[in-house]
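In our numbering, the protein residues as written are 98 to 385.
Quick reminder that beta carbons are idealized off the backbone N, C-alpha and C, glycines included.
One structure is given here, and the rest of the page talks about it.
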C-alpha cells in the first residue's frame, strides 16, 4: 500500500479519535465524582444510628461517595450543624414549593481534625418524618434546587437537587411513588424541563428509588416523552437492589442538548455497594 494511503488513514483515525475524546468531555464530569444512591428505610427513631454508622461509612475512605443521594432519610444526625437558612440565588425554588430545604455541616472527623460533609435535606414528611429525601456532598453546593412533585396524587414527592463544582454538574435525589413508580417518567421530564426553561445545557444525574425497573422506565419515557428520551441515558446494573427482588435503584443522566449519551454509557458503570441496614442495597455510579 502506498505511503500516501497510510498517511491519509492515520489522519482520519487521528481526527475521529480526537473528536470522540474531546467533544463530550464536559458531560463526562458527572462521573469524575463517585455517586451513590441509597434508600435508607429511615424513621425518626431509627435513622440516627444509620447516619452515624452506614452513611458515615459510605462517605468515608478512599472509595467514598462524593455525592450520596438518600431516600427515606429519616432525620439528620444530631451532630450535624444547621447552617443559615437557604435563600435565593443559592436556593432555586422556581415553583415556590412549600417544603423546608435545609443545609447542614456534618463533621465526620474529630474536633481536632475535622472532616466536613454537607447535608441537603428536604423535610417533606412532616408527619412520620420518614420519607424525607437528602443529598450528602463532599463539596459545598453552589446551588440547591427544589422542584414540586410531578404528579398530583398524595404519594408523589418533591425533587431535590444540588449543583456542585465549576461545570454546573447537578445531582438529584428522587423517590418515585410507591404505586409502581407511575410518576417516574414525569420526574425525568420535570428535571429536563427545569434545564430547558433556563436554556441550561449542563449535565444532570437523577439518582434514587424509582419503584420500577429500568426497562419499564425506558419504555415509559420512549412512549410518553420521546424528546426527553432522546437526551437521557439510564445507568443501572443487572441485580436486584430491593429485598423483594426488584431492580429499583439506579440513575438517569442527561442534558437538554443530548449528544453525550454514548460517552456516559461508556464511562459510567453502576455497581452494588453491599447490603447495609435497609431493605435496599446502595448502588454506586463511577467512571470505568
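Stretch-stretch touch, CB-based, cutoff 8 Å, three pairs: the stretch 187-196 with the stretch 157-167: no
Start and end residues, alpha helix (DSSP H) containing residue 284: 281-294
Local conformation of residue 375 per DSSP, three classes: coil
Burial state of residue 219 (16 or more Cβ within 10 Å): buried
Every unbroken beta strand (DSSP E) inside the stretch 126-165 [3 residues or more]: 132-136
Bounding residues of the beta strand (DSSP E) (the contiguous stretch that carries residue 318): Segment 311-321 is the alpha helix (DSSP H) holding residue 318; no beta strand (DSSP E) there.
Distance between residue 232 and residue 292 (C-alpha atoms, nearest Å): 19 Å
Same chain, Cβ closer than 6 Å to residue 381, five either side skipped, listed in chain order: 133, 368, 370
Close-in-space but distant-in-sequence residues of the same chain around residue 311 (CB under 6 Å, 5 per side omitted): 331, 333, 347
At least three beta-carbon pairs within less than 8 Å, the stretch 276-283 to the stretch 236-243: no
Chain-order list of residues whose beta-carbon lies under 6 Å from that of residue 122 (same chain, five-residue window excluded): Caution is warranted here: a pLDDT of 41 is assigned to residue 122, below 50, making its placement in the model unreliable, and no coordinate value can be reported.
CB of residue 180 within 8 Å of CB of residue 210, strictly: no
Bridge partners - residue 367, DSSP secondary structure assignment: Answer is 382.
Exposure of residue 351, with buried meaning 16 or more beta-carbon neighbours within 10 Å: With 16 or more other Cβ atoms within 10 Å, it is buried.
N-terminal and C-terminal residue of the beta strand (DSSP E) that residue 270 is part of: 266-272
Pairwise C-alpha distance: residue 377 and residue 318: 24 Å
Residue 118 in three-state terms, based on DSSP: Confidence at residue 118 is low in this model, with a pLDDT of 28, below 50, so its placement is unreliable and no value can be given for it.
is_contact[residue 152, chain B] using C-beta, thresh 8 Å: Structure shown: chain B not included; a single protein chain is present.
Check whether residue 157 and residue 205 have beta carbons under 8 Å apart: yes
Backbone secondary structure at residue 325 - three-state DSSP: In the structure shown, residue 325 sits in a helix (DSSP, three-state: H, G or I).
Spatial distance of residue 127 from residue 301 (CA atoms): 7 Å
Residue closest to residue 184, alpha-carbon to alpha-carbon, out of 199, 290, 230, 345: 199
Exposure label - residue 187; buried when at least 16 CB within 10 Å: When all chains shown are included, residue 187 counts as exposed.
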